[in-house]
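I have placed the structure first, in the form of structure tokens, so that the comments after it can refer back to it.
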């Protein structure tokens with residue numbers, strides 16, 4: 420496989436990556452919580468691409484190409500998963516709104532108590548440190564798995580690997596060539612999604628405003644659910 424072929428494939432991957440899809444909105448949603456969660460979701464999406472490349476390389480993906488019924492099932496399952504993500508994202512916004520209200524009430528109570536007891540300030544600092552430590556934990560496995568499943572169950576990604584990738588693979592190519600293209604797609608994907616996370620983190624002060632956060636989370640939840648409904652309808656229609 421020539422370098423020119425690899426660069427041409429990378430360019431195509433970049434163009435497709437710049438078209439917002441479920442992965443973009445999923446990563447953006449997780450980034451509004453913690454940048455680490457956003458990066459974890461981005462890595463999960465890239466791992467999903469590698470899995471698709473492996474399926475194509477070993478020939479299992481041809482089952483989808485040859486069986487319209489199986490591909491329809493994948494579409495429907497993928498759509499239902501996106502709807503699930505959208506619903507859970509909306510539920511999370513409701514929970515975060517209640518948590519923010521409770522936190523505000525607790526802060527007001529602590530401020531009032533601080534006027535009468537000097538030890539309350541020390542206890543509040545300790546509680547704050549504990550919560551901060553928890554908030555700064557490692558990557559979320561849940562975010563990574565959500566990103567991976569989002570890519571694996573995305574029928575458009577499947578079509579890309581079934582119809583487009585083989586056009587760049589030389590005749591009688593082995594596992595290595597297909598996995599190389601899968602790695603290129605994964606790298607382009609994680610680079611683009613990483614930029615999405617970085618932009619979101621740069622705007623964190625604005626995004627962390629309760630009203631802005633609620634609006635963005637609800638919009639991203641609605642988009643995920645709408646994409647899921649569209650995918651399910653397309654799958655049901657065959």
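In the working numbering, the protein residues as written are 420 to 657. For each residue, glycine too, the CB sits at the ideal point set by N, CA and C.
**OP:** Please state whether DSSP places residue 462 in a helix, a strand or coil.
**Re:** DSSP places residue 462 in helix when its eight states are reduced to three.
Original post:
Near residue 476, which residues of its chain fall below 7 Å by C-beta distance, leaving aside the five closest residues on each side in sequence?
Top reply: Hits under 7 Å: 594, 597 and 598.
Original post:
Taking DSSP as the reference, what is the three-state secondary structure of residue 583?
Top reply: helix
Original post:
Roughly how many angstroms separate the alpha carbons of residue 638 and residue 611, rounded to a whole number?
Top reply: Straight-line Cα distance between these residues: approximately 21 Å.
**OP:** Express the C-alpha separation of residue 616 and residue 451 in angstroms, rounding to a whole number.
**Re:** Taking the straight line from one Cα to the other gives about 9 Å.
**OP:** Since I believe residue 562 is in contact with residue 442 (beta carbons under 8 Å), could you give me their beta-carbon distance rounded to a whole number of angstroms?
**Re:** Taking the Cβ atoms as the reference, residue 442 lies roughly 12 Å from residue 562, outside the contact range of under 8 Å.
Original post:
What's the gap between the Cα of residue 618 and the Cα of residue 602?
Top reply: 24 Å
Original post:
In angstroms, rounded to a whole number, what distance separates the CA positions of residue 608 and residue 436?
Top reply: 6 Å
Original post:
In its own chain, which residues sit with a C-beta less than 6 Å from the C-beta of residue 566, not counting the 5 before and 5 after it?
Top reply: 460, 463 and 464
Subject >> Cα-Cα separation between residue 606 and residue 433, rounded to whole angstroms >> reply: 10 Å
Original post:
Just the Cα atoms here: how many angstroms apart are residue 471 and residue 584?
Top reply: Spanning the alpha carbons of residue 471 and residue 584 requires a straight line of approximately 10 Å.
**OP:** Have a look at residue 560 and residue 458 and give me their C-alpha separation to the nearest angstrom.
**Re:** 11 Å
Original post:
Which value, in whole angstroms, describes the spacing of the CA atoms of residue 550 and residue 576?
Top reply: Note that residue 550 scores a pLDDT of 33, beneath 50, so its modelled location is shaky; the value from the coordinates is reported in the next line. Near 39 Å, if we compare the C-alpha coordinates of residue 576 and residue 550.
Original post:
Using DSSP with H/G/I as helix, E/B as strand and the rest coil, what is residue 609?
Top reply: helix
Original post:
Taking the Cβ atom as the reference point for each residue, do residue 424 and residue 587 lie within a distance shorter than 8 Å?
Top reply: yes
Original post:
Distance, Cα to Cα, residue 428 vs residue 600?
Top reply: Whole-angstrom Cα-Cα distance: 8 Å.
Original post:
With 16 as the cutoff for other CB atoms within 10 Å, does residue 621 come out buried or exposed?
Top reply: exposed
**OP:** Have a look at 421, 571, 510 and 478 and flag the residue whose alpha-carbon is nearest the alpha-carbon of residue 469.
**Re:** 571
**OP:** Below 6 Å CB to CB, which residues in the same chain sit around residue 467 once its five sequence neighbours on both sides are set aside?
**Re:** 567, 570 and 571
Original post:
Is residue 589 helix, strand or coil by DSSP?
Top reply: coil
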